[in-house]
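What follows is one structure encoded as structure tokens, with my remarks underneath.
Numbering (the numbering used here), first residue to last: 4 to 378.
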């Protein structure tokens with residue numbers, strides 16, 4: 004049997020074991036995370052902030068987003084579990100005896116890791132931002148419907164601090180009619196009375212507004228000065244409806260983030276790129292971590308693998324924060340977060356290939372020669 008045919012046979016067996024366990028890990032993680040996402044969506048329905056008919060759509064959008072996190076870790080854990088079983092059953096030792104060493108194992112893993120890395124890149128760089136746009140539009144429509152349905156009609160409404168009193172005459176197809184507002188500003192010591200025949204709710208990226216049309220506004224100051232104003236359109240910020248502007252980076256395309264020189268945009272692009280890089284680096288680390296001696300326990304290296312994964316993603320989060328604060332550039336951030344763990348992989352690979360024992364023996368021989376020379 005030629006070495007090429009042997010490589011193909013062993014690679015197929017090797018990949019089948021890894022793919023089956025990786026798919027099982029991904030399925031379990033999706034079920035766990037999906038149940039949590041479903042519970043959160045149902046809580047929004049119970050609070051009246053989301054129509055029940057939108058729950059499946061929202062669940063789909065959120066599931067696609069979490070796949071960018073789950074795919075790399077599923078690949079890593081799948082490889083660790085599969086290689087751990089092969090090591091326990093001495094099959095890795097048989098592979099090495101057949102010429103299927105660490106280099107050939109890494110090549111076989113790359114046949115699986117390369118498409119998974121490409122899939123993760125497509126998810127994080129293209130599909131998830133597109134999904135975020137649609138999810139944001141979905142929430143805007145749901146929020147507008149919620150606000151429209153929960154504004155009392157035909158009675159006076161008072162704010163919690165007592166500084167604003169409003170009256171809405173009736174609801175119309177596109178908004179409300181006969182709007183009256185009475186507001187007291189204690190800082191300026193000004194009383195404002197405002198009325199408009201029509202009003203509409205506007206849901207925008209940063210906040211939600213009530214837009215009054217063709218109205219009048221009268222301000223009475225403490226010294227008796229009166230200011231009268233007629234307007235065609237007046238926007239009033241709805242209290243408690245402001246949204247975080249910083250979250251808008253998630254809605255931008257990766258190309259727009261690449262062209263931007265804003266630190267927060269660079270931080271978002273770093274996170275998207277990091278998911279793809281992490282899938283590849285974790286696959287490389289899984290191969291060297293699994294090279295345990297026979298009979299050393301089924302998952303003897305799994306603890307160290309999970310620890311490395313936790314440190315890796317915490318470093319990615321920390322580096323993204325530094326980039327967002329302007330302390331690092333995108334290039335330096337990528338070199339720091341992923342370069343460190345590529346360096347760790349090289350050190351572990353050097354150890355698996357017997358590099359450190361050879362260095363240790365070389366030092367011992369030098370020490371012995373020096374000792375004999377002294378004698």
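Built from N, CA and C at the ideal position, the CB exists for glycine as well.
These figures come from a predicted structure and were not determined experimentally.
Distance between residue j and residue i (C-alpha atoms, nearest Å)
i, j, result
"residue 316", "residue 230", "58 Å"
"residue 120", "residue 282", "6 Å"
"residue 102", "residue 284", "24 Å"
"residue 94", "residue 15", "14 Å"
"residue 201", "residue 226", "32 Å"
"residue 279", "residue 178", "46 Å"
"residue 267", "residue 255", "11 Å"
"residue 264", "residue 333", "10 Å"
"residue 244", "residue 203", "Its pLDDT being 47, under 50, residue 244 is placed unreliably by the model, and nothing is read from it."
"residue 353", "residue 270", "33 Å"
"residue 312", "residue 76", "8 Å"
"residue 86", "residue 290", "7 Å"
"residue 213", "residue 304", "59 Å"
"residue 161", "residue 172", "15 Å"
"residue 190", "residue 237", "22 Å"
"residue 273", "residue 323", "7 Å"
"residue 199", "residue 215", "6 Å"
"residue 224", "residue 156", "30 Å"
"residue 249", "residue 260", "Low confidence applies here, because residue 249 scores a pLDDT of 48, under 50, leaving its location unreliable; read the following figure in that light. Cα-Cα distance, rounded: 13 Å."
"residue 217", "residue 141", "30 Å"
"residue 23", "residue 92", "18 Å"
"residue 46", "residue 96", "52 Å"
"residue 88", "residue 117", "23 Å"
"residue 175", "residue 129", "40 Å"
"residue 247", "residue 341", "Here residue 247 scores only 48 on pLDDT, less than 50, and its place in the model should not be relied on; the value that follows carries that caveat. Distance between the alpha carbons of residue 247 and residue 341 is about 29 Å."
"residue 357", "residue 293", "15 Å"
Cβ shell of residue i (< 8 Å), same chain only, five flanking positions each side left out
i, result
"residue 73", "29, 32, 33, 36"
"residue 55", "48"
"residue 159", "168, 169, 170"
"residue 382", "The structure shown does not extend to residue 382, since the chain spans only 4 to 378, so no value can be given for it."
"residue 288", "79, 308, 311, 344, 347, 348, 351"
"residue 62", "37, 40, 41, 44"
DSSP-derived helix/strand/coil call for residue i
i, result
"residue 110", "helix"
"residue 190", "coil"
"residue 265", "coil"
"residue 332", "coil"
"residue 172", "strand"
"residue 287", "helix"
"residue 238", "strand"
"residue 80", "helix"
"residue 59", "helix"
"residue 357", "coil"
"residue 102", "coil"
"residue 141", "helix"
"residue 155", "coil"
"residue 293", "coil"
"residue 3", "Here the chain comprises residues numbered 4 to 378, so residue 3 is not present and cannot be evaluated."
"residue 94", "helix"
"residue 19", "helix"
"residue 75", "helix"
"residue 43", "helix"
"residue 135", "helix"
"residue 118", "helix"
"residue 88", "helix"
"residue 256", "coil"
Beta-carbon proximity list for residue i, same chain, < 6 Å, skipping 5 on both sides
i, result
"residue 221", "196, 231"
"residue 321", "none"
"residue 109", "290"
"residue 20", "85"
"residue 17", "111"
Bridge partner(s) assigned by DSSP for residue i
i, result
"residue 219", "198, 233"
"residue 204", "213"
"residue 180", "173, 201"
"residue 161", "168"
"residue 185", "168, 196"
"residue 224", "193"
Own chain residues within Cβ distance below 7 Å of residue i, not counting five before or after
i, result
"residue 27", "none"
"residue 135", "253, 254"
"residue 137", "64"
"residue 186", "166, 167, 195"
"residue 4", "A caution first: residue 4 carries a pLDDT of 48, below 50, which makes its placement in the model unreliable, though a value can still be read off. The answer is none, since no qualifying residue turns up."
"residue 131", "67, 68, 71"
Residue i beta carbon near the ligand SAM (any heavy atom closer than 7 Å)
i, result
"residue 221", "In the structure shown, the ligand SAM is absent, as is every other ligand, since no ligand is present at all."
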